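Inspection log for the structure reproduced underneath, given as structure tokens.
In the numbering used here, the protein residues as written are 315 to 556.
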């Protein structure tokens, strides 16, 4: 059986296959690409729209706010393009994002660019998180289908039946090329990662040995070890792509 345990769940290993991290022993697969630097998210300012250009022969109109302008002039809600369709979708219980989905929806409504959102992260409470280290294109992303973070398990674009990007001729999820959409470097944090055998935690020396084993198995083949504590159960590593 697996050496990892999270209560009733199996413990993770770095890479089970490209784009997927799960329990059942270490078995990394190559995934090299260039690293990207950290970027920070800045909340966009609210647009200040008080009117629109006048039309010849008409008095220039004024509007209460941007949404009034959007509804009357751009046709929002009455046959016009639904800009909310550009916003990412995430409705799964316990999941959240930074920036929040509500903020991203508002940006889409207001015509702001979602093609390169910096410092984007998805969290699953009590399970872990993925924080992308390069700007990501979130236009139309179905995060409900494309991202899974569970106890000791994380995957992106790995479900051929549900991945919003479709599938290839082999039936595998047709993920975007490296560097596009969510297929960019990311920091993975998994919570509640403990050895299944209590003997690995019996003494400080054994705990240290287990931590060193995790670090050794995490490093290489497209993954970079960041940190692991057998006491807290928090394991962090980077992946170059999914």
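Using N, Cα and C, we set each Cβ at its ideal position, and we do this for glycine too. Please read these numbers as outputs of a predicted model, since none were measured by experiment.
Within a Cβ cutoff of 6 Å, which residues of the same chain sit near residue 410, ignoring the five residues on either side of it in sequence?
437
Tell me the rounded alpha-carbon separation between residue 499 and residue 429.
Each residue's alpha carbon lies about 16 Å from the other.
Residue burial classification, residue 439 (beta-carbon count within 10 angstroms, cutoff 16)
exposed
Out of 421, 423, 424, 443, which has the shortest C-alpha to C-alpha gap to residue 501?
443
Alpha-carbon spacing of residue 464 relative to residue 457, whole angstroms
14 Å
If distances are taken between C-alpha atoms only, which option among 401, 433, 448 comes closest to residue 420?
Per the Cα distances, 401.
With 16 other CB atoms within 10 Å as the buried threshold, where does residue 543 fall?
Looking at its Cβ environment, which holds fewer than 16 other Cβ atoms inside 10 Å, residue 543 is exposed.
In angstroms, rounded to a whole number, what distance separates the CA positions of residue 488 and residue 518?
45 Å
On the DSSP letters alone, give me the boundaries of the alpha helix (DSSP H) that residue 519 sits inside.
518-532
Tell me which residues share the same chain as residue 503 and place their Cβ nearer than 6 Å to its Cβ, disregarding the 5 neighbours each side in the sequence.
Sequence-distant Cβ neighbours of residue 503 in its own chain, meaning closer than 6 Å and more than five residues away, are 442, 443, 550.
Can the beta-carbon of residue 452 be found less than 7 Å from the beta-carbon of residue 431?
yes
Check for me: the beta strand (DSSP E) holding residue 420 runs from which residue to which?
Taken as a continuous stretch (DSSP letters only), residue 420 belongs to no beta strand (DSSP E), being part of the alpha helix (DSSP H) at 415-423.
Reduced DSSP category for residue 404 - H, G, I as helix; E, B as strand; rest coil
The answer is coil: DSSP assigns residue 404 none of H, G, I, E or B.
Based on Cα-Cα distance, which residue from 533, 505, 527 lies nearest to residue 514?
527
Would you kindly report the start and end of the unbroken beta strand (DSSP E) that includes residue 504?
500-504
Starting from residue 459, trace the alpha helix (DSSP H) both ways and give me its first and last residue.
First-last of the alpha helix (DSSP H) with residue 459: 457-460.
In the DSSP assignment, the beta strand (DSSP E) including residue 514 goes from what residue to what residue?
No beta strand (DSSP E) holds residue 514; DSSP gives it neither H nor E.
Output yes or no for whether 7 Å exceeds the beta carbon distance between residue 492 and residue 555.
yes
For residue 409, the first and last residue of its enclosing beta strand (DSSP E):
409-412
Excluding sequence positions up to five away, which residues of its chain have a Cβ less than 7 Å from the Cβ of residue 538?
551, 552
In whole angstroms, what separates the C-alpha of residue 521 from that of residue 509?
10 Å
My assumption, with CB atoms under 8 Å, is that residue 450 sits in contact with residue 496. Please give the rounded CB distance.
Residue 450 to residue 496, Cβ: 6 Å. Contact.
Pull the bridge partners of residue 542 from the DSSP assignment, please.
549
How would you call residue 534, buried or exposed, if buried means at least 16 neighbouring beta carbons within 10 angstroms?
Taking all protein chains shown into account, residue 534 has fewer than 16 neighbouring C-beta atoms within 10 Å of its C-beta and is therefore exposed.
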